[in-house]
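First the structure, in the form of structure tokens, and then the observations on it.
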Amino acid sequence: MSVHRRDTRVLRPGHGLPVKTIAREAAEAILAGELVAFPTETVYGLGANVFDRRAVNMLFRVKGRPTDNPLIVHIADVGGAELVAQRIPPYFETLAERFWPGPLTLVIPRNAMVDDAVTAGLPTVAVRVPAHELARAFLGAAGVPVAAPSANVAGGPSPTTAEHVLADLGGRIALVIDGGPCRIGIESTVLDLTRRTPTILRPGGVAAQDIEDTIGVHVAVASGAARRPASPGMKYRHYAPTTPVVLLVPRGSGADMMRRLQRLIRNGRTAGMRVGLLGAREFADLGADAFHPLGSGTPVEYAREMYNGLRALDTAGLDMIIVPGLPSVGLGAAVMNRLRKAAARIVR
Ligand code: AMP
Ligand code: MG
């Protein structure tokens, strides 16, 4: 289905434009049935009023998102959950108290007010209070829960700046709130509270260990390989630029990774390919045709810069993008989850 082109307004705080004014204008747009992209501490979200079926349908269309992949509902504070929940499950309040506002999404039983399109017909709804000042001001002014997936074209790298949003969706949505680069840069942890054992459906900004320490019970991690994925979004191609990504899973020392990278780059170039490298700045001089640094290569720096780097290298006319992986622990597990999905080839 086609989406009509229109002007996309960009509102950036400062230069005489107060946060309150931006929040009010964005709230008016969302209540009028428009789509509003807004910054969060994880990635930029593309918002629609959860009670407005037309807007929610338009959101799926604009993103090209499969309609069986449900949306995360963003609320201004924990009280907002009452508007979409059928009941509040165990651990919800403890987790909300400890991690909200923040990068933890909680899956809870939904009520009948929420449009079926938001939850893809599931009996549950995913909710989160984002930690970004502009997001919270906007959600507070809107007064309705806002369904918001990442504000990018489905399948590609998530957006961590307003420029990324405009590159993907400019001319197709009403408004972008520009809050600069996202502080965390990788999506929230999704935790299902409707099962007997709380289960992580998607690793993210909050580590499993921190959740266990908070509620004092074992937390399960759903395998993405399950035939019927617990989190419907897990079965789709995701986060991938157009240029094929080759992910190197770490196995030994840093010196080993350096040698493997050198070999891959050399082989690619010998085969006549233009090779890009996304990694710690210590790998800057390995002979790639293009390089995008991820700081000193910590999980925090990977999370913050990875999507920007994938997007930047995707415009550099390359035949492949090589990415050295991280150990899958803590935030590194979330980073590797995204990189595995983005990868056309995984080298162990
Ligand atoms: P995105 O907004 O694109 O970052 O993706 C949101 C993620 O949350 C996807 O993996 C969805 O499948 C997942 N999700 C949203 N709502 C639910 C739900 N009710 N039950 C399970 N997973 C959900
Ligand atoms: Mg997404």
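Using our numbering, the letters of the sequence shown correspond one by one to residues 1 to 348.
Here a beta-carbon is modelled for each residue, glycine too, at the ideal position from N, C-alpha and C.
query                                                                                                                                                                               : result
Buried or exposed: Val127, going by 16 or more other Cβ atoms within 10 Å of its Cβ?                                                                                                : buried
Is Asn69 near ligand 1, judged by its Cβ being under 7 Å from some heavy atom?                                                                                                      : yes
Does the beta-carbon distance from Thr189 to Leu104 come in below 8 Å?                                                                                                              : yes
Rounded to whole angstroms, what's the CA-CA distance from Arg6 to Met113? Just pull it up for me.                                                                                  : 30 Å
Just checking my contact of Glu305 with Gly295 at CB under 8 Å: how many whole Å lie between their CB atoms?                                                                        : 7 Å
If you follow the alpha helix (DSSP H) that His164 is in, where does it begin and where does it stop?                                                                               : 162-169
If I'm right that Pro250 touches Pro145 with Cβ under 8 Å, what's the distance once you round it to whole angstroms?                                                                : Not really, about 40 Å apart at Cβ, beyond 8 Å.
Quick one: does the C-beta of Pro149 sit closer than 7 Å to a heavy atom of ligand 4?                                                                                               : Among the ligands in the structure shown, ligand 4 does not appear; only ligand 1 and ligand 2 can be found there.
Count the other CB atoms within 10 Å of the CB of Ala225; is the residue buried (16 or more) or exposed (fewer)?                                                                    : Any reading at Ala225 needs caution, since the residue's pLDDT is 46, under 50, leaving its predicted position unreliable; the model's value is listed next. That one is exposed.
Just to confirm before moving on: does the CB-CB distance between Arg274 and Asp319 stay below 8 Å?                                                                                 : yes
One question on the structure: do Ala174 and Thr8 come within less than 8 Å of each other, judged by their Cβ atoms?                                                                : yes
Quick check on Asp68: buried or exposed, where buried means 16 or more other Cβ atoms within 10 Å of its Cβ?                                                                        : exposed
Is it right to say Val50 is buried, meaning 16 or more other beta carbons lie within 10 angstroms of its own, or is it exposed?                                                     : buried
Please report the distance separating the alpha-carbon of Arg53 from that of Glu34.                                                                                                 : 11 Å
Could you tell me if Arg227 is buried or exposed, where buried requires 16 or more neighbouring beta carbons within 10 angstroms of its beta carbon?                                : Low local confidence applies: a pLDDT of 42 at Arg227 is under 50, so the model's placement there is unreliable, and no value is given.
Who are the Cβ neighbours of Glu380 in its own chain at under 6 Å, not counting the five residues just before and after it?                                                         : Outside the modelled stretch of the chain, which goes from 1 to 348, sits residue 380, for which no answer is possible.
I need the straight-line Cα distance from Ala135 to Phe38, nearest angstrom please.                                                                                                 : 6 Å
How about His74 and Ala148: are their beta carbons less than 8 Å apart?                                                                                                             : yes
Are there three or more Cβ pairs, one per stretch, closer than 8 Å when the stretch 203-217 is compared with the stretch 328-335?                                                   : yes
From Val129 to Leu264, what does the alpha carbon distance come to, in whole angstroms?                                                                                             : 42 Å
Verify the contact flag: Thr378, CB atom, against every heavy atom of ligand 1, threshold strictly below 7 Å.                                                                       : Residue coverage of the chain in this structure runs from 1 to 348, which leaves residue 378 outside it and unanswerable.
Shorter than 8 Å from the beta carbon of His238 to some beta carbon of chain B?                                                                                                     : Among the chains in the structure shown there is no chain B, since it carries only a single protein chain.
Might you give, ordered along the chain, the residues of its own chain that have their beta carbon closer than 6 Å to the beta carbon of Arg98, omitting 5 neighbours on each side? : Thr214
Can you list, in chain order, the residues of its chain whose CB lies under 6 Å from that of Gly297, leaving out five sequence neighbours each side?                                : Ala280
Mind listing, in chain order, the continuous beta strand (DSSP E) runs of no fewer than 3 residues lying wholly within the stretch 120-169?                                         : 124-128
Among Arg172, Ile186, Arg311, which one has its Cα closest to the Cα of Met58?                                                                                                      : Arg172
Candidates Leu95, His132, Val118, Leu11: which alpha carbon is nearest Val43's?                                                                                                     : His132
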